[in-house]
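Heads up: the sequence shown begins at 976 in our numbering, then just goes up one per residue.
Take a look at the structure set out below.
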Amino acid sequence: MAATTRTTTPAREAGDTWLADWARHPELAHQVWDMDGLAPIHCTHWLAAEAQLSVALQALRRIPQRHRGPLLLDPDLDTAWWLVAPDAAEELADVRLLTVHPAGWPLHCPPTRRPAAGRFWLHAPDGRGRLTDPVHLASALGPGGPRILAEAFG
């Protein structure tokens, strides 16, 4: 009797499914990730708040874990993107160190559990839809940005 071979599709990460759901073509996003590419995910149910990488990492230390959402990094571009609520643009407007991209802007994302094209999730979407709290993000960066520690001046 011949053995039966079953082919199964590997289970998708909940974060990948959540992220791809916001793509214009969710299945295409998964196919791009299967080829180790970046999928364009348009900001429709969240916005991307962009910062210089070092600034984002400094801010990360000041934001309590429970108020952090997904954070995408691209060291080659020296850039990081926080995912924030669609109404966060007004709250973050005075934060000079952030650029909040408008609704519909495409953020080119890797899958949630592995890097692609140099980008990776420091804090990946987990499928529950948690976003970074804009109040805590603004507080971590302040209107004028983080200050240089007094110890730096000797």
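The beta-carbon is built from N, C-alpha and C at its ideal position, and this holds for glycine as well.
Residue environment: Asp1108 is assigned as buried (16 or more neighbouring CB atoms within 10 Å of its CB, all protein chains considered). The three-state reading of DSSP puts Trp1008 in helix, counting H, G and I together. In this chain, the beta strand (DSSP E) harbouring Asp1049 covers Leu1046 to Asp1049. Residues of the same chain with a CB within less than 6 angstroms of the CB of Ala1004, apart from the 5 flanking positions on each side, are Ala995, Ala998 and Ala1014 in chain order. CA-CA distance, Val1007 to Leu1046, rounds to 20 angstroms.
For Cys1084, DSSP records a beta bridge to Ala1014. For the 8 angstroms CB-CB criterion, Leu1116 and Val1059 do not form a contact.
For the pair of segments examined, the segment 1019-1029 was found to touch the segment 1066-1080: the number of CB pairs separated by less than 8 angstroms reaches three. Following the DSSP letters along the chain, one finds Trp1096 inside the beta strand (DSSP E) bounded by residues Phe1095 to His1098. Per the DSSP secondary-structure output, Leu1022 pairs in a beta bridge with Val1059. Apart from the 5 residues on each side of it in sequence, Asp1101 sits with its Cβ closer than 7 angstroms to the Cβ of Ala989 and Gly990 in its chain, given in chain order. Look at the beta carbons and you see the segment 1063-1073 not touching the segment 1036-1051: under three pairs across the two are nearer than 8 angstroms. Distance from the CA atom of Trp1057 to the CA atom of Asp1069, rounded to whole angstroms, is 16 angstroms. The beta carbon of Ala1034 sits closer than 6 angstroms to those of Ala1115 and Leu1116, all from its chain and outside the five residues before and after it, given in chain order.
Pro1086 and Leu1097 have their C-alpha atoms roughly 12 angstroms apart. For Arg1089, there are no CB contacts under 7 angstroms within the same chain when 5 residues up- and downstream are skipped.
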